[in-house]
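Below you'll find the structure, written out as structure tokens, and then a few comments.
There are 8 protein chains.
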Amino acid sequence: MNTKEILTKLQNNEISVDEAANMLKLAPTKDLGYAVVDHQRAMRNGCPEVIYAEGKTKEQTLGIMKNMLENGTDNILATRVSLEKYEYIAAEIKDAVYNKDAKTVTVERNPVEKTGGIILVATGGTSDIPVAEEAAVTAEFLGNRVDRLYDVGVAGLHRLLSRIDRVEAADVIIAVAGMEGALASVIGGLTDKPVIAVPTSVGYGANFNGLSSLLCMLNSCASGVVVVNIDNGFGAGYTANSINKLGASKR
Amino acid sequence: MNTKEILTKLQNNEISVDEAANMLKLAPTKDLGYAVVDHQRAMRNGCPEVIYAEGKTKEQTLGIMKNMLENGTDNILATRVSLEKYEYIAAEIKDAVYNKDAKTVTVERNPVEKTGGIILVATGGTSDIPVAEEAAVTAEFLGNRVDRLYDVGVAGLHRLLSRIDRVEAADVIIAVAGMEGALASVIGGLTDKPVIAVPTSVGYGANFNGLSSLLCMLNSCASGVVVVNIDNGFGAGYTANSINKLGASKR
Amino acid sequence: MNTKEILTKLQNNEISVDEAANMLKLAPTKDLGYAVVDHQRAMRNGCPEVIYAEGKTKEQTLGIMKNMLENGTDNILATRVSLEKYEYIAAEIKDAVYNKDAKTVTVERNPVEKTGGIILVATGGTSDIPVAEEAAVTAEFLGNRVDRLYDVGVAGLHRLLSRIDRVEAADVIIAVAGMEGALASVIGGLTDKPVIAVPTSVGYGANFNGLSSLLCMLNSCASGVVVVNIDNGFGAGYTANSINKLGASKR
Amino acid sequence: MNTKEILTKLQNNEISVDEAANMLKLAPTKDLGYAVVDHQRAMRNGCPEVIYAEGKTKEQTLGIMKNMLENGTDNILATRVSLEKYEYIAAEIKDAVYNKDAKTVTVERNPVEKTGGIILVATGGTSDIPVAEEAAVTAEFLGNRVDRLYDVGVAGLHRLLSRIDRVEAADVIIAVAGMEGALASVIGGLTDKPVIAVPTSVGYGANFNGLSSLLCMLNSCASGVVVVNIDNGFGAGYTANSINKLGASKR
Amino acid sequence: MNTKEILTKLQNNEISVDEAANMLKLAPTKDLGYAVVDHQRAMRNGCPEVIYAEGKTKEQTLGIMKNMLENGTDNILATRVSLEKYEYIAAEIKDAVYNKDAKTVTVERNPVEKTGGIILVATGGTSDIPVAEEAAVTAEFLGNRVDRLYDVGVAGLHRLLSRIDRVEAADVIIAVAGMEGALASVIGGLTDKPVIAVPTSVGYGANFNGLSSLLCMLNSCASGVVVVNIDNGFGAGYTANSINKLGASKR
Amino acid sequence: MNTKEILTKLQNNEISVDEAANMLKLAPTKDLGYAVVDHQRAMRNGCPEVIYAEGKTKEQTLGIMKNMLENGTDNILATRVSLEKYEYIAAEIKDAVYNKDAKTVTVERNPVEKTGGIILVATGGTSDIPVAEEAAVTAEFLGNRVDRLYDVGVAGLHRLLSRIDRVEAADVIIAVAGMEGALASVIGGLTDKPVIAVPTSVGYGANFNGLSSLLCMLNSCASGVVVVNIDNGFGAGYTANSINKLGASKR
Amino acid sequence: MNTKEILTKLQNNEISVDEAANMLKLAPTKDLGYAVVDHQRAMRNGCPEVIYAEGKTKEQTLGIMKNMLENGTDNILATRVSLEKYEYIAAEIKDAVYNKDAKTVTVERNPVEKTGGIILVATGGTSDIPVAEEAAVTAEFLGNRVDRLYDVGVAGLHRLLSRIDRVEAADVIIAVAGMEGALASVIGGLTDKPVIAVPTSVGYGANFNGLSSLLCMLNSCASGVVVVNIDNGFGAGYTANSINKLGASKR
Amino acid sequence: MNTKEILTKLQNNEISVDEAANMLKLAPTKDLGYAVVDHQRAMRNGCPEVIYAEGKTKEQTLGIMKNMLENGTDNILATRVSLEKYEYIAAEIKDAVYNKDAKTVTVERNPVEKTGGIILVATGGTSDIPVAEEAAVTAEFLGNRVDRLYDVGVAGLHRLLSRIDRVEAADVIIAVAGMEGALASVIGGLTDKPVIAVPTSVGYGANFNGLSSLLCMLNSCASGVVVVNIDNGFGAGYTANSINKLGASKR
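Below, the structure is given as structure tokens:
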């Protein structure tokens, strides 16, 4: 119900001034004390609920998930979940599924329908896979088809070039790379599709926990490359979904 | 002409081994000594040519533009062009147009057709306008409609909230902000469309030439926010175009 | 007029649904294209208007000031105004006053009444005076009495200790220091009043444009010290006013 | 006894030159070898004693607490106390109370009377709660009433806006946020009360242990925002108390 | 087989268009899902295979090694291998040899023939030895003779000067130093041979995990000094080999 | 007159309580508004007055100098004085002497007697000379004999080694170096005298305005090396004097 | 004359003890006061003299050059020479040649004979050319043949791939790149020759004056890449020469 | 035996050319493979041997100590020794003494005679004591008398001022402080003796492992303050000894 509808109801005396005032306060949220759960968000934002579990206790994480499920959320994605936290959750939520690489927990009671279009997730090396999986799981959970293209870093350029058809077939590309942030530039130069670059903290020395790849990607000479936070696979998967949804109907 | 077509021509003896070898070298580029101009790029990347003029002399900038125009490029965008450089260019290329705020030069002999969809460009303050204009001009040059929403920073939240309908009407949003990198987070929380955040070097002290806004945007708690380099209005406009093009046909 | 009042008017049919919807959009702002001037802010925030002039052209600065004065703002403070900008402004706004040290322009057609309480502005050295003056002018403009205590840095501790009575007499203290960020710690240890520390970019070498004093002040071992951005005299004066207003009625 | 009183006593021969010289040395402190305990501070600074326990051994922490209690301090707050340290202390000081979230130990044998006014402690997310609790416990220990408003980060703006009345009711506001340092700016724009911003080290990647939120808050475009060190809940609570005390008598 | 050879074969109908298209995709690689193993690299790059084991699971590391050995690689070097990982590998690959200092695993079924020329590996202190050993083992594995000169830091200059003949006898020098990045400058001033500087993370405080030595070496006033990443012994050994191979035939 | 003497005078009724209270406030300083001039400092600190002129206007600098001379200071050193400022000063203070390299102004009406002992000032390169001269002039002004040893950087070690006798003859050594911060380490290893290292901002690229040399010197592996701020020649000269004065009587 | 020869002369009474002691002090240097010119270096290091002119006055630069020429140096390279400095020099040294791009001055009265082998200098963009020219001029001055390959950055990969034969033909490669530090990685993956990476300060925003490209190159995933300081074209050219000289005789 | 003595012996045919050449190589060192032990250093540098144990294995540490003792060193100081390493050492070297706070091991078979003069070691807080003890133990081991003044940070200035006589009595002062790097400035302003500042990594948040105190101390506005590396208690103690030795004979 939008503002004008509420005001019309008031004018028609279907609701009182106090009720209108309350309804105009924007949100049907649930305050758990330690977290304000937002039941309207799925409607408002067009996507299921996501919980960032790092820094939350297992009790808090479970509490939020249960509150959501009890209030009508069918699909939940929790990221950065340790195995121990998952086991605590799974004892109560039997259909919670764990992805060990991505460290995600998903509950899918009413899976999102698959959108057309393909999101390609590429990595520079083997060590970047956990971050890439977080991106891939997120994109799949939100209803996208994902193509994984791992270990195609620019130091061995032929590994990427010999698979160029898969780059060309994608609608959105997520480039995940640590030491070799250059992957995003190279892919960005080979395609006109949006490229979301994810720097990872893989590497050592002057990599400074991902600063090196972050700066490299921000300074990419290839147009069309945008960047998310270091190791932020979720953010990349989420934005890739937003972009793909925009473009979905045309295919 | 793709690889297989070239090889088939060779098999059919329509071309020689040397010709095929040459054609397989990917690019019909023109080497000016100081720059390799890429005439195939419009076809390959689906967009007209762009020149980043900073660090190039006025002679080099003009030289590249003339070479392009002589080789069939109709539309050129040059960014980071000082007024003095523009005047040097305009003496020879009469239809070059200068945008003083954005510091761009455009030649549009065959303007790109407008795509459906709207790209909203928002700024936190008045001082962020030059970067925003670079983004807006870029997006318009590439064939997009742009809505400008300036000076709506989060310190006076009502300025943004009272214009929320324009945020909702947009397909892609570019949030440009210096001191108050928070603009991207707030917009990201109000929409499910992709938000491209552009940190600017506006500010002083611990802003450290844009580092503050850059970090703030990278750490945005709103999903769906991606970031480009500090002051990189062009990159934001370019990627917004890529995203909008993906989604264009559905409207 | 608050939300309930608007809704009651609607219920009483004194206004239409559309009028109510408009009024509920929070702000009577004026959009100048390059700036959204906020005429309700004086009421909402309890203080006159302030313009941060850096990064705005002289035309924009004057435009905003004139728009304010025409819409009922009596008192305006503009900070970071170059002498050249001031002269441009003064040609049209005859009663605009310039403070050369602080680089501020003030228009005071209806000066704010003086609050009780004293705000002490102390500096470590002579070179910190411009920043201190920005703080002092701001605090005075907002209706506070200011005591200036300059060049009392900790390397000559007796300079401060012999004036301790002035520290004790103050209600809020602003400690401005560059090389010697230590001033805030020492004052913080001598008083139980709030101390607002302003790091300045004065110094050289490993001062790194104020980073040294900023970190020093943030790490102050004295409780009760809070920090604003490097060289942000305005912010310190503004917050000192907020604090002093809270405490004013008791004196 | 102040300087003049001591000198008058000397002039009246009530004390000797040596005694006067000793009394003029400012402090009745107690040197434990590893710490100089300051028994006059409660009088001088108007507040009970606080111990920062990090980096002190459990023996040292207990030793300081016992020395204080034996010398007339009734109320003690120790911060950054691990559970193990607390248990060591509680074995000897039976009325020591532990707050597990805030990691504080309090002894309150003569609780400070409650001041008028409310200190609001707000957090961006659930993970910021430990720092917020340190601030809240500190403020309460020093005699203030505290309102907690947790998990109202700007990515879901309605969570904050629908509770705006609690922001308006507060006299001093503490805004605690990690990833989303933007909370301080948004609150600062909605109120004219002093806002103390506490960046937290919550987040990952380019958050760089709180640097991101720290810089974001220092660069806040909202006037009236001051900042304390990363994770420094104590400092925020302590200064909020100083400010609230200034304003207390007016209510 | 190079491009022209492939095209000639096609023209001669020795291969089909599809076969040619496939062959022109550059590489006979093997995709293990988590890693793309590059069997052509030994030929292309002139050196045996190297695996960077950090960030790879023990299963992945073993998997890559076995795939290589099964596909004709005789000599493998794996770096950054923990003892536990080695033991897992050694259970299946019996002739895998572990170097505890360097944390390397080598399989040498067909050792590379020794090149002429000497690579000198020098360290500033005892604590730099692990990084130096990684460099030395790498250089030896690739077929070079190595001279080790450890603990000759510049604080005791005579330790280096009294061994100056060994510096003079070397063809390429690797200078490994932590606190005392100065070693590279001093050696660089004493010889006209290429000096590869390896900063190490040895040290404390303002060493900032090797940043100090890195910057020191990058700013070396001695010409002829080049730098690799912090602790990157492998990179130094690898490049020293490339350089030595260039010069080998002349001796 | 120390505290006990003042108290005794009071007890003897030679002074009043008010006079004693005033005298106990430590300092006979002169407040010029923009600067607090400290006339007691020469006595208290054992050295003539020094003015850091950077950030002070020429009027302020001259004002302070004149006030000092009028109040009995015979010898003044002003550092970081531009030629323009000097000329302004010299118009009124005829015996002010300018050193163009060091950018110092000295007035010596009663030159300090020369102490025994030698302070050696060494530089890595020619470009470090201005900083070295600031150190040398300071040390000479304070009454020390100075030996200059310029352009003896470690990249050409023999330049230093062939002058080792001058290093051995010195009592305190100041090592000034930019790119090659290594100079301090090498000298520190050759002598047991105190070495004061002065990093300079000479260099480019990853020198980052002296950060490189600063970190290098702080991490010196040579014991006995202490560091002052980047380009802080004055500080080095001043401390060298303190040290030399301690040791002077023995020679 | 080496140590043993000197000692033998002494034993044979051809020289005195004092003469021998003097000769054993390593260097026949000439002390100009502001610079120690090293006449033995050409012999010792095998290369002509180089002067780094930045930070030296024009008088000092000319003074050093003249001293060298008068003492038998035939070939001089001065780097970082402004046009104004050059003109001052050329007035006295008529055969001094200026390279405007590289900002170098060369005097070649007895040009070094050309070594076999090719040094390839590649740049990512047009703006990197000045640094590349400094490298190229240095390498040529020292007797190498240089191949220039400019504007082949990775965003348009075909520009590099279509010239791959020139990469393959080189013996040493210098990769100069600003925004796109990735160039070194890509080249490093395509060749087994040593690659010297030169980060440039070209770019803006988060490039932070070359830090971005520096870190990117240090973290290159391609083996065989070594790095010099930001914008240090000279260092790259100098080391490329050392490496090429090692390998020269084999061709 | 110095150079001239060796040459004279050669001239007198007391030694051969080869013997002379060997003797002229400067050092009677002992190469243990992992460390070059320097038996001449005590003579050359005037102080006993010191071992920095961090980064050395317990076997290496013991090995170096035993080699020293067997070759005539009577007094050894090892720093950064863990308890476990100490126990390993003590099993063989029975008279090795452990200081748990300072983490030092000392062997003193022929204690150095006490020098006149006092080295004062002051700390800001209790948590700085371990670093202070490293400084104090080092200074005592080298033959100095040490006065400890702990927990006198500037937030409670009277704690320091009431002990000012002990500051005045010292000949060299070591100021150790973490959060409150201001201690060095305040002491520096109260005395004309050399002050060696030791930043510690004590603190949290924006302290960044000691960076805050380091920068604060480097930027001290008090003349006469020099700085050593973060947590480098040893370096401070060592240099304090050098300085005190210079001044010792005068007392």
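Residue numbers (my numbering), protein chains in the order written: chain A, 13 to 263; chain B, 13 to 263; chain C, 13 to 263; chain D, 13 to 263; chain E, 13 to 263; chain F, 13 to 263; chain G, 13 to 263; chain H, 13 to 263.
Ideal placement from N, C-alpha and C gives every residue a C-beta, glycine not left out.
Where residue i falls: helix, strand or coil (DSSP)
i: Ala32 (chain F); result: helix
i: Thr26 (chain F); result: With the sequence shown as reference, residue 26 (chain F) is identified as Glu, and Thr is not the correct amino acid for it. It is coil, neither helix nor strand.
i: Tyr162 (chain E); result: coil
i: Glu66 (chain A); result: coil
i: Arg157 (chain B); result: strand
i: Val149 (chain A); result: helix
i: Arg53 (chain E); result: Since pLDDT at Arg53 (chain E) reaches only 45, below the 50 mark, its modelled position is unreliable, and the value read off the structure follows with that caveat. Three-state DSSP puts Arg53 (chain E) in a helix.
Chain E contact for residue i (CB, 7 Å cutoff)
i: Val214 (chain A); result: yes
i: Ala248 (chain B); result: no
i: Thr138 (chain A); result: yes
Buried/exposed call for residue i, threshold 16 Cβ in 10 Å
i: Leu95 (chain A); result: exposed
i: Val143 (chain G); result: buried
i: Ala181 (chain A); result: exposed
i: Ser28 (chain E); result: exposed
i: Asn122 (chain A); result: exposed
i: Gly128 (chain A); result: exposed
i: Asn221 (chain C); result: buried
Selected residue, minimal CA-CA separation from residue i, among the options
i: Glu145 (chain D); options: D:Phe246, D:Ser235 and D:Ala252; result: D:Phe246
i: Ser224 (chain B); options: C:Ile242, C:Thr127 and C:Val124; result: C:Ile242
i: Leu227 (chain F); options: F:Ala209, F:Val198 and F:Val109; result: F:Ala209
i: Ile176 (chain A); options: A:Asn244, A:Lys115, A:Ala189 and A:Asp159; result: A:Asp159
Residue i at chain F interface by Cβ criterion, 7 Å
i: Gly245 (chain C); result: no
Contact with chain H by residue i, beta-carbon distance below 7 Å
i: Ile242 (chain D); result: yes
- Message: With a threshold of 8 Å, are at least 3 pairs of Cβ atoms found where one atom belongs to the segment 70-77 of chain D and the other to the segment 147-155 of chain H?
- Response: no
- Message: With a threshold of 8 Å, are at least 3 pairs of Cβ atoms found where one atom belongs to the segment 110-125 of chain D and the other to the segment 189-201 of chain D?
- Response: When C-beta atoms of the segment 110-125 of chain D are compared with those of the segment 189-201 of chain D, fewer than three pairs fall below 8 Å, so the two segments do not count as touching.
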